[in-house]
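A.B. asks: Our numbering puts the last residue of the sequence shown at 1086; the count rises by one with no breaks.
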Amino acid sequence: MMTTVWLVLGLVCLVIGAEVLVRGASRLASALGISPLVVGLTVVAFGTSAPELAVSVQSALAGQAGIAVGNVVGSNIFNVLFILGLSALIVPLTVSMQLVRLDVPLMIAASLLVLIMGWDGRIAPLEGGALFAGILIYTVFLIMQSRRESQAAKAEYEQEYGAHEPHSPLTQLRNVLLIVVGLALLVLGSRLLVESAVTIARYFGVSELVIGLTIVAAGTSLPEVVTSIVAALRGERDIAVGNVVGSNIFNIFCVLGLSALVVPGGIEVSATALAFDIPVMIAVALACLPIFFTGYTIARWEGMLFLAYYVAYTLWLILHATDSALQAPFASAMSLFVLPLTAITLVVLAGRAWHRGRIGR
726 MMTTVWLVLG
736 LVCLVIGAEV
746 LVRGASRLAS
756 ALGISPLVVG
766 LTVVAFGTSA
776 PELAVSVQSA
786 LAGQAGIAVG
796 NVVGSNIFNV
806 LFILGLSALI
816 VPLTVSMQLV
826 RLDVPLMIAA
836 SLLVLIMGWD
846 GRIAPLEGGA
856 LFAGILIYTV
866 FLIMQSRRES
876 QAAKAEYEQE
886 YGAHEPHSPL
896 TQLRNVLLIV
906 VGLALLVLGS
916 RLLVESAVTI
926 ARYFGVSELV
936 IGLTIVAAGT
946 SLPEVVTSIV
956 AALRGERDIA
966 VGNVVGSNIF
976 NIFCVLGLSA
986 LVVPGGIEVS
996 ATALAFDIPV
1006 MIAVALACLP
1016 IFFTGYTIAR
1026 WEGMLFLAYY
1036 VAYTLWLILH
1046 ATDSALQAPF
1056 ASAMSLFVLP
1066 LTAITLVVLA
1076 GRAWHRGRIG
1086 R
């Protein structure tokens, strides 16, 4: 009973900590004259991934590699299938050309890198350092790119994150205090969440990987849920999509990279994750490209498709964890009927979009 209480308390601390951290960092950056667009692309997108960073690093240091890897992989799957699916179900989402041409291909490449680096069963510290260097390069690029953004995009981020704050010492002190409190809550929340999740996993005989892929992944992704849904409801639909894609890139390059970097010998990647969960993460990233490409929107039916796949993925994890007799029939139905039909639909949609593009020239 108390373990469940600590689990919920850990999640609450993570969500509040992320919100306080993002608020303080955004206001401090704005007060220092950094444009709201840059704040949105970097501080907010990365700040909502702070729970994943805190939990994965804490898990890696504590020797729970299954949670560290499962948290990143599960969060990326959850972000696309659940968050984008739910957001698109509320209101069709707009996808910017930059996301289709740059950010989504980068997300796909980063997902493939995880499989390549972890193929030998471990992501070494050197490989973790290479991943972490990737987030530094990506951030610098975003800042340079933001200078060339249109006035409409700048106005959208200005409306979402506010205009520059005055440079009063009291205001900046308050913002620094918010950042410190946010970080403290993230550290506390990550410890409570990891320790209680491991206890629950051992009690039910469920692997740390499954706990990381489900409870921990969904819990640490709550800031992304709130940010994307609120942005969609406000009509800032490009921010809703950009937040998810940016968070996924951050999760791989920074969260996984830093986790492997800080632990001597790196972090272990289980055979189960290599055989199933990481390929699912890659497939989900690949599915974004044709869906995003078809008219640069995510329609409601596509959102329903994303949500249906997340339910199917979670159901498979439960069947596999409980060693249910329904595993084989469920896998056959997915591989023989559902997945091929979806693949054909995506190819047809991409073909139609390409054909319309040629006619429009």
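Cβ coordinates follow ideal geometry from the N, Cα and C atoms, glycine included.
1. Tell me whether R847 sits in a helix, a strand or coil according to DSSP, three-state version.
2. Across the stretch 778–792 and the stretch 953–962, are there enough close Cβ pairs to call them in contact, namely three or more that are closer than 8 Å?
3. Would you call G914 buried or exposed, if buried means 16 or more other Cβ atoms sit within 10 Å of its Cβ?
4. Do L746 and G772 have their beta-carbon atoms positioned less than 7 Å apart in this structure?
5. Taking only three categories from DSSP, how would you classify L917?
6. Just curious, the alpha helix (DSSP H) that N801 is in, first and last residue?
7. Excluding the five sequence neighbours on either side, which residues of its own chain have a C-beta within less than 6 Å of the C-beta of I1016, listed in chain order?
8. Closest to A813 by CA distance: which of A1058, W1041, I1023 and A1068 is it?
9. Nearest-angstrom Cα distance between A1068 and A1008?
10. In whole angstroms, give me the CA-to-CA distance for S751 and W1041.
11. Give the secondary structure of T1067 by DSSP, where H, G and I count as helix, E and B as strand, and everything else as coil.
12. What are the boundary residues of the alpha helix (DSSP H) that P817 is part of?
13. Determine the burial state of D1002: buried for a count of at least 16 other Cβ atoms within 10 Å of its Cβ, exposed for fewer.
14. By Cβ distance below 6 Å, which residues in the same chain neighbour A926 in space, the five residues on each side in sequence not counted?
15. For T939 and V829, what's the separation of their Cα atoms in angstroms?
16. Tell me the DSSP secondary structure of T1022 in three-state form.
17. Less than 7 Å between the C-beta atoms of S972 and S774, yes or no?
18. On a Cα-Cα basis, can you pick out the residue from A1050, G982, F807 and P850 that is closest to Y1035?
19. Determine the closest residue to I833 out of L818, L958, E777 and F975, with distance taken between C-alpha atoms.
20. How many Å lie between I904 and R748 at the Cα?
21. Would you please state the rounded distance, in angstroms, between the beta carbons of P850 and L986? I believe it to be under 8 Å.
22. Which residues does DSSP list as the beta-bridge partners of E993?
23. Pull up the distance between the alpha-carbon of A835 and that of G795, whole angstroms please.
24. Please report the straight-line C-alpha distance between W731 and G930, rounded to a whole angstrom.
25. To which residues of the same chain is M1059 closer than 7 Å at the C-beta, ignoring the five residues directly before and after it?
26. Would you tell me roughly how many angstroms separate the C-alpha atoms of V816 and D845, rounded to the nearest one?
27. Terminal residues of the continuous alpha helix (DSSP H) containing F1055?
28. Taking F978 as the reference, give the member of M842, E744 and S946 with the closest Cα.
29. Excluding the five sequence neighbours on either side, which residues of its own chain have a C-beta within less than 6 Å of the C-beta of L734, listed in chain order?
30. In the DSSP assignment, the alpha helix (DSSP H) including G960 goes from what residue to what residue?
31. Alpha carbons only, please: which of H1045, A1046, A1012 and Y1021 is nearest the one belonging to L1030?
32. Would I1043 pass as a contact of A790 if the rule is Cβ separation under 7 Å?
33. Thinking C-beta only, is S800 closer than 7 Å to R942?
34. Quick check on DSSP: helix, strand or coil for S893?
35. From L902 to V912, what does the alpha carbon distance come to, in whole angstroms?
C.D. replies: Checking against the coordinates, here is how it stands:
1. Taking the sequence shown and counting its residues from 1, the one referred to as residue 847 is at position 122. Three-state DSSP puts R847 in a strand.
2. no
3. For the purposes of this step, residue 914 is identified with residue 189 of the sequence shown, where counting begins at 1. Buried, because 16 or more other Cβ atoms sit within 10 Å of the Cβ of G914.
4. On the sequence shown, residue 772 is found 47 positions in, with the first residue counted as 1. On the sequence shown, residue 746 is found 21 positions in, with the first residue counted as 1. Yes, Cβ-Cβ distance for G772 and L746 is below 7 Å.
5. For the purposes of this step, residue 917 is taken as the residue at position 192 of the sequence shown. L917: helix per DSSP, three-state reduction.
6. Residue 801 sits at position 76 when you count from the first residue of the sequence shown. That run of the alpha helix (DSSP H) goes A790 to F803.
7. Within the sequence shown, the letter at position 291 stands for residue 1016. Once the five neighbours on either side are set aside, the close Cβ partners of I1016 are E1027.
8. For the purposes of this step, residue 813 is identified with residue 88 of the sequence shown, where counting begins at 1. Out of A1058, W1041, I1023 and A1068, I1023 has the C-alpha closest to the C-alpha of A813.
9. Along the sequence shown, read from residue 1 onward, the residue named residue 1068 stands at position 343. Along the sequence shown, read from residue 1 onward, the residue named residue 1008 stands at position 283. Using only the alpha carbons, I get a separation of about 11 Å.
10. Start at 1 with the first residue of the sequence shown, and residue 751 comes out as number 26. Start at 1 with the first residue of the sequence shown, and residue 1041 comes out as number 316. Distance between the alpha carbons of S751 and W1041: 39 Å.
11. Along the sequence shown, read from residue 1 onward, the residue named residue 1067 stands at position 342. Three-state DSSP puts T1067 in a helix.
12. Taking the first residue of the sequence shown as 1, we reach residue 817 at position 92. Careful: P817 lies outside any alpha helix (DSSP H) and carries neither H nor E.
13. Position 277 of the sequence shown holds residue 1002. By the neighbour-count rule (16 or more Cβ atoms within 10 Å), D1002 is buried.
14. Counted from its first residue, the sequence shown places residue 926 at position 201. Correct list, in chain order: E933 and I936.
15. Looking up residue 939 in the sequence shown gives position 214. Looking up residue 829 in the sequence shown gives position 104. Rounded to whole angstroms, T939 to V829 spans 24 Å at the Cα level.
16. Position 297 of the sequence shown holds residue 1022. Of the three classes helix, strand and coil, the one that applies to T1022 here is strand, per DSSP.
17. Working through the sequence shown from its first residue, we reach residue 972 at position 247. Working through the sequence shown from its first residue, we reach residue 774 at position 49. Yes. Within cutoff.
18. The residue labelled residue 1035 in the question sits at position 310 within the sequence shown. Ranking the options by Cα distance to Y1035, first place goes to F807.
19. Position 108 of the sequence shown, counting from 1, holds the residue named residue 833. Cα-wise, what sits closest to I833 is F975.
20. One-based indexing of the sequence shown puts residue 904 at position 179. One-based indexing of the sequence shown puts residue 748 at position 23. Cα to Cα, I904 sits roughly 8 Å from R748.
21. Your numbering for residue 850 matches position 125 in the sequence shown. Your numbering for residue 986 matches position 261 in the sequence shown. Confirmed, Cβ separation roughly 5 Å.
22. Residue numbering aside, residue 993 sits at position 268 when the sequence shown is read from its first letter. According to DSSP, E993 bridges with R847.
23. As a working mapping, residue 835 is identified with position 110 in the sequence shown. As a working mapping, residue 795 is identified with position 70 in the sequence shown. So the two alpha carbons sit approximately 16 Å from each other.
24. For the purposes of this step, residue 731 is taken as the residue at position 6 of the sequence shown. For the purposes of this step, residue 930 is taken as the residue at position 205 of the sequence shown. When rounded, the distance between both Cα atoms is 19 Å.
25. To locate residue 1059, count along the sequence shown from 1; it is residue 334. Excluding positions up to five away in sequence, the list reads A1037.
26. Counting from 1 along the sequence shown, the entry for residue 816 is found at position 91. Counting from 1 along the sequence shown, the entry for residue 845 is found at position 120. Between V816 and D845, the C-alpha separation is close to 43 Å.
27. One-based indexing of the sequence shown puts residue 1055 at position 330. Unbroken alpha helix (DSSP H) run through F1055: Q1052 to A1058.
28. Here residue 978 is taken as the residue at index 253 of the sequence shown, counted from 1. Of M842, E744 and S946, the residue nearest in Cα terms is M842.
29. Counted from its first residue, the sequence shown places residue 734 at position 9. Once the five neighbours on either side are set aside, the close Cβ partners of L734 are L917.
30. Position 235 of the sequence shown, counted from the first residue, corresponds to residue 960. Per DSSP, G960 belongs to no alpha helix (DSSP H) and is neither H nor E.
31. Your numbering for residue 1030 matches position 305 in the sequence shown. Ranking H1045, A1046, A1012 and Y1021 by Cα distance to L1030 puts A1012 first.
32. Numbered from its first residue, the sequence shown carries residue 1043 at position 318. Numbered from its first residue, the sequence shown carries residue 790 at position 65. Not a contact, by the Cβ cut-off of 7 Å.
33. For the purposes of this step, residue 942 is taken as residue 217 along the sequence shown, with counting starting at 1. For the purposes of this step, residue 800 is taken as residue 75 along the sequence shown, with counting starting at 1. In the sequence as presented, Arg is not what sits at residue 942; that position holds Ala. In contact: A942 and S800 (Cβ atoms closer than 7 Å).
34. Here residue 893 corresponds to residue number 168 of the sequence shown, with the count starting at 1. In this structure, S893 counts as coil in the three-state DSSP scheme.
35. Taking the first residue of the sequence shown as position 1, residue 902 is located at position 177. Taking the first residue of the sequence shown as position 1, residue 912 is located at position 187. Their backbone Cα atoms lie some 15 Å apart in a straight line.
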